[in-house]
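First the structure, in the form of C-alpha cells, and then the observations on it.
In the working numbering, the protein residues as written are 40 to 276.
What follows is the structure, given as C-alpha cells:
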C-alpha cells in the first residue's frame, strides 16, 4: 500500500476499514494519502483522533486523516476511495457479501483492496481462535450484536469468520476483483532473529532479510497451509 501511496501523482483516497487506534491510517497520511479511518468503537476512534493531533504537531503539518465512528457501510456511502485497507477486519464485517458488493460499486476500475487476516487454514491458528471464542460461548463465524457503550449504537459483527488464502481470493473474484498478489506471513518464526542475532545492530538487517524471504516463501501454495497470516492485494475490474 505504501508503494501505491508514494507512486501516485495525486493523493490517494484510502479507507481504513476497522482502523482501531489508527496506526496504519496515520502512516498512510504521513506519506501523502487522504485517509478516512472508521471503527465501531467510539472510545477507540476518539483515541485515534488524539494520536492524529499529536503526530500532526510532531510533523509540523496537519495530516490528511480523519477518524469516524460508524460502520464500514456508512463510510462507503459518504465518500469515494481509490484504495481500501482491511487489516484483521474482513473476518468481522457482516454481511460480508453486501460489503464487497458496495465496495465494487463505489470504487473506480483499478481501485486497490489490501487485506491482511489470520490464516484459518493453519490448524494452530484455527484452534487458538476457537479456544478464545469458547471462553465467551461463541463459535467461529457466528454473528452477534455489538453495542457501543458510549454511543449506545448497535452493530452486527461476525466472530473470526474463518478464511484461507484460497477462499478469500475466490470470494474477491466472485465480486469483481482480480487478485494480483497473495502470500502467507509467519511461515518463518521471527524468534529465530532474537535467538541467533544477539547484537541489536544486526537484527535490523536480519529482519529485512526475513521479510524478503518470507514473501518469497509465502507466495508458494505449499506454504499457504502453515502461514499464520495472509495478505491479499486485489484490483477492482
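For every residue, glycine included, the Cβ atom is placed at its ideal position computed from N, Cα and C. On a predicted model such as this, the values are computed, not experimentally measured, just so you know.
Over what stretch of residues does the beta strand (DSSP E) that includes residue i continue unbroken?
i: residue 184; result: 182-186
i: residue 213; result: Run containing residue 213: none in the beta strand (DSSP E); it sits in the alpha helix (DSSP H), 204-213.
i: residue 224; result: 216-224
i: residue 260; result: From DSSP, residue 260 is part of no beta strand (DSSP E); its letter is neither H nor E.
i: residue 271; result: 268-275
i: residue 73; result: 73-78
Going straight from the alpha carbon of residue i to that of residue j, what length do you get?
i: residue 246; j: residue 252; result: 10 Å
i: residue 218; j: residue 198; result: 25 Å
i: residue 158; j: residue 208; result: 12 Å
i: residue 221; j: residue 257; result: 8 Å
i: residue 98; j: residue 168; result: 39 Å
i: residue 255; j: residue 202; result: 21 Å
i: residue 102; j: residue 260; result: 39 Å
i: residue 162; j: residue 273; result: 26 Å
i: residue 166; j: residue 268; result: 14 Å
i: residue 182; j: residue 263; result: 27 Å
i: residue 111; j: residue 52; result: 15 Å
i: residue 128; j: residue 59; result: 10 Å
i: residue 137; j: residue 244; result: 43 Å
i: residue 174; j: residue 185; result: 17 Å
i: residue 216; j: residue 224; result: 22 Å
i: residue 171; j: residue 212; result: 31 Å
i: residue 160; j: residue 96; result: 43 Å
Would you please state the rounded distance, in angstroms, between the beta carbons of residue i and residue j? I believe it to be under 8 Å.
i: residue 104; j: residue 74; result: 4 Å
i: residue 189; j: residue 82; result: 6 Å
i: residue 43; j: residue 125; result: 15 Å between Cβ atoms; not a contact.
Would you give the residue range spanned by the alpha helix (DSSP H) that residue i belongs to?
i: residue 92; result: 81-98
i: residue 282; result: As displayed, the chain neither begins before 40 nor continues past 276, which places residue 282 out of reach and without an answer.
i: residue 189; result: Segment: none, residue 189 is in no alpha helix (DSSP H) and carries neither H nor E.
i: residue 54; result: First-last for residue 54: 52-56, but that is the beta strand (DSSP E), not the alpha helix (DSSP H).
i: residue 67; result: 62-69
Segment contact, 8 Å Cβ cut-off, at least three pairs: the segment 58-67 with the segment 82-102: They touch, by the three-pair rule.
Using 8 Å as the cut-off, can you tell me whether the segment 107-126 makes contact with the segment 165-179, which would need three or more C-beta pairs spanning the two stretches below that distance? Inter-segment contact for the segment 107-126 and the segment 165-179 is absent: fewer than three beta-carbon pairs are separated by less than 8 Å.
Curious, which full-length alpha helix (DSSP H) runs of at least 4 residues does the segment 107-181 contain? Complete alpha helix (DSSP H) runs here, min 4: 111-117, 135-145, 162-173.
Taking three-plus beta-carbon pairs below 8 Å as touching, is the segment 125-140 in contact with the segment 187-198? Flag = yes, the segment 125-140 and the segment 187-198 touch.
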